[in-house]
Amino acid sequence: MADTRFTESAAAVSTALEHDIIASLFKTDAKEDLIRILARIEALADYPAKASLIDYAQKAIALKDRLELLQTRERGLMALIETAQSLTAIRDIDQVLQAIVNRARNLIGCDIGYLSIYDRERGDFYVRATDGAFSEKFKQIRVPRDVGICGFVARNRSAYCSSDYEADSRFAHTNLIDSAVTDEDIKSILGVPLLSGSQVIGVLFVGDRYIRAYNAWEMSILSTLAAHASVAIENARLFEQSQDALRQASEANKQLAQQTADTQIAAEAHERLTTLVARGGGVKELCDMVATMLDGDVVCLDEGEQPAYTALATAHGAPDHHDRNASHDNYSAQDKIHAALVESRTLGKSVTAFATEAGICRVSAVVGGRGMLGGLVIYTRQELNDVAVRIFERSSVVTGVVLLSLERNEAAARSEIPIVLRSLLSQPQHDPEKLAHQLDRHGINPAKPMYLMRIKPTGSDLGYFINRMRKLSPLANTLIDEIDGVLVMIGSAGNSRQTKEAVTKFFTEHTREKIHGVMSEPVEHLSDLPASNEGLCRCLDLLPLLGSAGAIFDESALSLYSILFKDKSRSDVNAFLSSALGKLFTEADARKVELARTLICYLDQGHNAKAAAAILGIHINTFRQRLDMMNAILADWTHSGRALEVHIALRLWQLQDWRRTE
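Residue numbers (our numbering): 8 to 669.
The following block contains the structure:
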């Protein structure tokens, strides 16, 4: 009876345990439950079904292990598929490499993952991406192909694992590599190659900081990941190449479009310049056009490097080169422009003369058949681009054509000037009607009063002076040439004052020449020019006797003395002054010079003391005191006839420039 009850109880327990085993198989992570059930079965007393129940529990545990393995592999394969999909979506090579390392570490569940890429130029591998690494020394390691696990995998193009890196002797060790691995505290390593065709492009590693073995599935899954990674890397590389090619093509298209636009701009500019010249445009119009096109101040220099014409920018105003010269010493700027002209002529292209905070000065030599014709200078706020430089250089070529044309026209017109001048001044004049026509052709109306001027510089390069003076604005319609070593000019009397001032300024500021010059009174008729010329010759001969140089005198101030002292010497002039003025004529006495000024003013005002005092700006009593002093020095100056002689002498002394005695 007792045996029967035991059997029934054991059967009930067995049935319950079987239900528990079956229930555990359907639970997640229930392997521990099955192990506990097996322990309970083994603890039961022996009975006929115990052995079969133990076998049943062990098979359940094995089945659970199998299920877990399959589930793990399924998760790995799913992760691998997700990895492949995500890698194909990444285009940046660095992001691809980092994603590969992250996935490898997560799939295998290791402490560290890293990727070494082959450097074709240096012939070794270097760490390109890491996950879980903390050692900078390890991240910077470079491994040759013949050493280390990396070299072994690359040479054999197959996976390699090491459970104990330090003790593994199947590959060549080096102190540098071992030190880096030790610094990262890596004990176990699994590496698989990244292949592109038959070429190893890198090695993918996972590692742990403890000694462990890697099973075949882990090696397989990592190898599969490496295969996907190789494709992703190659795709990313090709994508980068295509992007680079696209960028290069886009840049080339931009450059081509820019070059086309630049060529069009240059062609249009050249057409405008050519059209300007074809319709007879001159230097003025040319400079204005260049200034407008290039937005700068343009100066055309003549062959003497003097400004012939200046055109200012109109768009928004280029920097004022006058202010520029003030801050950038004017003479230094001229020297640099001169040097730039020489360099430009040598190189055959424009050059930068100088640059300041205000802007850039660029120069292009204007060269003609016989050499340098001048130069074209442009001042701009910023450096000209290549197209603008080409336009500027073409403008200088066109300027050369214009200057050559003008030079030929001027040469043709100038060729008759010496003959016309000599014919006008000869006695008697031949064919007055023809001479009148020639004057009119040179811009001088023969029916209106004219002036005649004679200038004798101390230098001998009269041709240079003539060429320079012809470019002065007031002398635009003036006949000028050299006759017997003297510069002779004929022009309209209405322009005589401006001409006199311009010529005086020219010799004073632009040359170091001391000149003797005389300008005639207005000549009413063409036939009066020879007589006027004779009078000017006498006046010009007088000036050296007076010691007066550097000025142009009016004929009216010299005509009387030119007759009185014809064929006389300077000592004769001084003798006359001493005789007429007595003790008053003392060149070194400033007090007597002041008295002489007072007396000549008094005589000029017809002995009107009040008017003379007002002109001198002194009180009438002071003026009378000076007259009293004059009476003491020159007692007889008030006698009949004596006043005229004194007046003439004072005028002559004044012409000698008595200011030199002060």
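Glycine is no exception: its CB is placed at the ideal position from the N, C-alpha and C atoms.
Since the model is a prediction, treat every value here as computed from it, not as a measurement.
Is the beta carbon of residue i sitting closer than 8 Å to the one on residue j?
i	j	result
T511	G498	no
L446	Y568	no
V373	S412	no
R2	L547	Given that the chain is displayed from residue 8 to residue 669, the structure contains no residue 2 and the question cannot be resolved.
S59	I44	no
C608	L591	no
L201	G209	yes
V199	L183	no
L552	V525	no
L114	I228	yes
H523	L479	no
A395	L293	no
Q390	S371	What sits at residue 390 in the sequence shown is Glu, not Gln. No. Outside cutoff.
G289	V409	yes
L459	N540	yes
F145	D101	no
A298	V305	yes
S237	Y217	no
A273	I367	no
V384	M457	no
L308	G378	no
Would you mind reading off the limits of the beta strand (DSSP E) that contains residue i?
i	result
F132	D131 to D138
E143	It is not in any beta strand (DSSP E) - E143 instead sits in the alpha helix (DSSP H) that spans E143 to K146.
A372	I367 to G375
V188	Segment N182 to D190 is the alpha helix (DSSP H) holding V188; no beta strand (DSSP E) there.
R149	R149 to P151
Y609	No beta strand (DSSP E) holds Y609; the alpha helix (DSSP H) holding it covers A597 to D611.
A360	V358 to A362
T317	P314 to A318
V384	G378 to T387
E489	L486 to I490
Can you tell me which of the three DSSP states residue i falls into?
i	result
P326	Summary for P326: the model assigns pLDDT 44, below 50, so the residue's position carries little reliability, and this model does not support an answer.
K455	coil
C117	coil
K573	coil
Q686	Nothing about residue 686 can be reported from this structure: the residues present for the chain run from 8 to 669 only.
A333	Here the model assigns A333 a pLDDT of 43, short of 50, so the residue's position is not dependable, and the following value carries that caveat. In the structure shown, A333 sits in a helix (DSSP, three-state: H, G or I).
L308	strand
L51	coil
K478	coil
H523	strand
F592	coil
I497	strand
D175	coil
A166	coil
S422	coil
Y217	coil
D561	strand
V530	strand
L122	strand
R461	strand
L641	coil
G209	strand
H654	helix
L411	helix
R127	coil
V154	coil
A483	coil
R43	helix
Looking at the secondary structure, which residues open and close the alpha helix (DSSP H) in which residue i lies?
i	result
I622	A616 to L623
V199	Premise fails: V199 lies in the beta strand (DSSP E), S195 to S203, not in any alpha helix (DSSP H).
V238	A223 to A285
D548	L536 to L553
E508	S503 to E516
E292	V290 to L301
(request) Take every Cβ of the stretch 116 to 132, pair it with every Cβ of the stretch 164 to 172, and state whether three or more of those distances are shorter than 8 Å. (result) no
(message) Does the stretch 422 to 441 come into contact with the stretch 531 to 548, if we say contact requires no fewer than three beta-carbon pairs (one atom in each stretch) closer than 8 Å?
(response) yes
(request) State whether the stretch 555 to 566 contacts the stretch 490 to 497, with contact taken as three or more CB pairs (one from each stretch) at a distance under 8 Å. (result) no
(request) Would you check if there are 3 or more beta carbon pairs closer than 8 Å linking the stretch 184 to 198 to the stretch 152 to 159? (result) yes
(request) Decide yes or no for the touch test of the stretch 225 to 242 against the stretch 268 to 278: beta carbon pairs closer than 8 Å, at least 3 of them. (result) no
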